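First residue of the sequence shown: 636, per my numbering; consecutive thereafter. Glycine included, C-beta positions come from ideal geometry on N, C-alpha and C. As the structure is a computational prediction, the values presented were derived from the model and not from experiment.
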Amino acid sequence: MKHLLGLEGLSAAQLTKLLDSAERFAGVGVGDVPKGDALKGKVVVNLFYEPSTRTRMSFGLAARRLGADVLDFSPGGSSTAKGESFIDTAKNIEAMGIDAVVVRHSSPGAPHVLAKALKPHVRVVNAGDGAHEHPTQALLDILTIRKKLGRVAGLTVGLVGDIAHSRVARSNIYGLVALGAKVIVCGPTTLVPPEVARLGVKIADKLDDVIPQCDVLNLLRVQFERQRSGLFPSIREYRLLFGVDADRMKRAKPNVLLLAPGPINRGVEISPDVADGPNSAILDQVTNGLAVRMAVLNAVCAAA
Ligand code: ASP
């Protein structure tokens with residue numbers, strides 16, 4: 636694998652190889668387990684044009700645990716403020732001698748543009764491009780499912796919320812469908828584009844009917860920053876129809892696995908008691924994210 640630009644088009648075998656590798660990386664550099672050296676001497680750049688907590692920090696930590704040096708770029712305080720373009724910025728950082736770029740940008744396709752613009756030895760990993768894809772988030776969601784429930788194929792996964800603006804939804808759909816899960820997407824009709832059915836998922840608009848069927852519920856954040864206004868009447872109404880709280884959980888299978896990519900809007904898509912309750916694997920996702928990012932950096936840099 637040269638770059639990881641998205642999960643679209645990856646086969647079950649390719650996805651499984653990455654997930655297996657992530658399981659092997661879990662815990663490397665923690666306690667008595669020594670750090671790895673697969674990326675020793677390599678330079679990994681975090682090029683983040685949008686805010687991030689989990690993705691950015693875990694990519695940085697993952698690279699360091701594999702022995703790489705890490706450069707961190709954010710537009711605030713950089714020459715972006717003086718008008719320097721995305722490509723010029725990337726090429727100038729590249730001129731310092733780098734091996735991989737982890738990029739987050741509001742424009743869908745930005746990682747693809749970078750993969751073409753940079754020198755052939757530089758690897759590009761998509762850390763979220765607009766509403767398009769967020770491949771490592773989906774991999775860590777799927778790894779969490781696999782670790783908690785023992786399999787992915789044959790499970791029913793509900794993706795709930797703002798499907799239209801969610802890169803997490805799109806990457807999850809590609810990965811889960813390729814691995815043989817049944818995916819149901821559910822949200823306000825204004826936030827679920829009908830074309831999504833072409834990706835092999837079922838569309839439903841009543842969460843109360845979807846919940847009892849699901850082995851996994853992935854509760855997606857309403858992407859207020861990407862929406863024009865008026866896509867649903869009010870946050871209160873959203874919560875009443877699509878928020879998961881203790882009352883709604885009574886309809887779920889007792890062992891339903893609850894995921895959320897974070898940041899969570901407590902009291903909107905998920906109530907605080909459910910977010911912190913026994914079915915929630917939200918913090919396990921974060922832990923698994925580190926292992927996934929080690930596996931991805933190792934896979935792309937090993938091909939260098
Ligand atoms: N952190 C994830 C993303 O960057 C999910 C979210 O922001 O809702 O897409």
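Asked: Below 8 Å, can you find three or more Cβ-Cβ pairs linking the segment 875 to 895 to the segment 829 to 838?; Found: no
Asked: Which value, in whole angstroms, describes the spacing of the CA atoms of L706 and E860?; Found: 27 Å
Asked: Please indicate yes or no: does the CB of P1000 lie closer than 6 Å to some heavy atom of the ligand ASP?; Found: Only positions 636 to 939 of the chain appear in this structure, which leaves residue 1000 out of reach.
Asked: Taking three-plus beta-carbon pairs below 8 Å as touching, is the segment 654 to 663 in contact with the segment 885 to 899?; Found: no
Asked: According to DSSP, is H747 helix, strand or coil?; Found: helix
Asked: In its own chain, which residues sit with a C-beta less than 8 Å from the C-beta of F708, not counting the 5 before and 5 after it?; Found: V680, N681, L682, F683, T724 and I728
Asked: Buried or exposed: which applies to S693, given that a residue is buried once 16 or more other Cβ atoms fall within 10 Å of its Cβ?; Found: buried
Asked: Rounded to a whole number of angstroms, what is the C-alpha to C-alpha distance between H747 and L753?; Found: 10 Å
Asked: Beta-carbon separation of A934 and M636 under 7 Å?; Found: yes
Asked: To the nearest angstrom, how far is the alpha carbon of T825 from that of V665?; Found: 45 Å
Asked: Once you ignore the five residues that flank P770 on each side, which residues in its own chain have a CB closer than 7 Å to its CB?; Found: L639, G641, L642, N761 and S806
Asked: Could you work out which residue in L814, C821, A799 and I846 is closest to R863 when comparing CA atoms only?; Found: A799
Asked: Considering only DSSP beta bridges, list what F708 is partnered with.; Found: L682
Asked: In the structure shown, what three-state DSSP assignment does G671 receive?; Found: coil
Asked: Could you tell me if the beta carbon of H638 falls within a distance shorter than 6 Å of some heavy atom in the ligand ASP?; Found: no
Asked: Note down, in chain order, each residue of its chain lying with its Cβ closer than 8 Å to the Cβ of L854, except the 5 sequence neighbours on either side.; Found: V795, G796, V879, L893, L894, A895, I899, E904 and I905
Asked: Is P896 near the ligand ASP - that is, is its Cβ less than 6 Å away from at least one heavy atom of it?; Found: yes
Asked: Quick one: what's L811 bridged to in DSSP?; Found: According to DSSP, L811 bridges with nothing at all.
Asked: Taking only the alpha-carbon atoms, compute the straight-line gap between V948 and L811 and give it to the nearest angstrom.; Found: The structure shown does not extend to residue 948, since the chain is modelled only from 636 to 939, so the question has no answer here.
Asked: Measure the C-alpha to C-alpha separation of F867 and V857 and round it to an integer number of angstroms.; Found: 10 Å
Asked: Please go through the same chain and pick out, in chain order, the residues whose beta-carbon is closer than 7 Å to the beta-carbon of A788, but skip the five residues on each side of it.; Found: L814, G815 and A816
Asked: For S801, count the other beta carbons within 10 Å of its own beta carbon; 16 or more makes it buried, fewer makes it exposed. Which is it?; Found: buried
Asked: Can you tell me whether S915 is buried or exposed? The criterion is at least 16 other CB atoms within 10 Å of its CB, across all chains shown.; Found: buried
Asked: Please confirm whether K675 and C936 have their CB atoms less than 7 Å apart.; Found: no
Asked: Go through its chain and collect everything with a Cβ distance to A647's Cβ below 8 Å, but skip five positions before and after it.; Found: A813, L814 and G815
Asked: Rounded to whole angstroms, what is the Cα-Cα separation between A745 and P710?; Found: 15 Å
Asked: Does the distance between the C-beta of G765 and the nearest non-hydrogen atom of the ligand ASP fall short of 6 Å?; Found: no
Asked: What would DSSP say about C942, mapped onto helix, strand or coil?; Found: Examination of residue 942 is not possible in this model, given that the chain is present from 636 through 939 alone.
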